[in-house]
Structures are given as structure tokens and as C-alpha cells.
Amino acid sequence: MIERRDVFQAIADPTRRIIIGKLSEGSLNITQIGEDLNMSKQAIAKHLK
0 MIERRDVFQA
10 IADPTRRIII
20 GKLSEGSLNI
30 TQIGEDLNMS
40 KQAIAKHLK
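For reference, each letter of the sequence shown is one residue, going 0 to 48 in numbering that gives the first Met the number 0.
Structure representation (C-alpha cells):
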């Protein structure tokens, strides 16, 4: 079970909030998100875990 604390910790990161906002507008793959944020696929994958 996911604790509320875990959710708040996850969304405390500004990059994760940006990713959540982008995904709320439509489907994107890791490459597209990485290009938008000028980040590597590995860095984006870490934020999506």
C-alpha cells in the first residue's frame, strides 16, 4: 500500500511535477519527455519509477 508520505515525497520534486503535468495533457514516451526537459532517457526513467 502506498503511504501518503510517499506520494508527497514523489510530487515534492519539481521535475516530477513537470512530468506529471505533461502526461496529464496526453501520452508521451520517455524520449519525448526527455527532449522537452533536455534530460537523458535514464534520468526520466528514474523519475518515473
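Where is the CB? At the ideal position from N, CA and C, for every residue including glycine.
- prompt: What did DSSP end up calling L22 once you bin it into helix, strand or coil?
  reply: If you number the sequence shown from 1, residue 22 lands on position 23. DSSP places L22 in the helix class (H, G or I) of the three-state scheme.
- prompt: Given a threshold of 16 other Cβ atoms within 10 Å of its Cβ, counted over all protein chains shown, does I18 qualify as buried or as exposed?
  reply: Counting from one through the sequence shown, the residue named residue 18 turns up at place 19. Buried, since its Cβ has 16 or more Cβ neighbours within 10 Å.
query: Where does I43 fall in DSSP's three states?
result: Residue numbering aside, residue 43 sits at position 44 when the sequence shown is read from its first letter. It is helical.
message: Are the CB atoms of R16 and I10 within a distance shorter than 8 Å?
response: Locating residue 10 in the sequence shown gives position 11, where the first residue counts as 1. Locating residue 16 in the sequence shown gives position 17, where the first residue counts as 1. Cβ distance < 8 Å, so I10 and R16 count as in contact.
query: Could you give the residue range of the alpha helix (DSSP H) that holds I1?
result: Stepping through the sequence shown from its first residue, residue 1 is reached at position 2. That residue, I1, is in no alpha helix (DSSP H); it is neither H nor E in DSSP.
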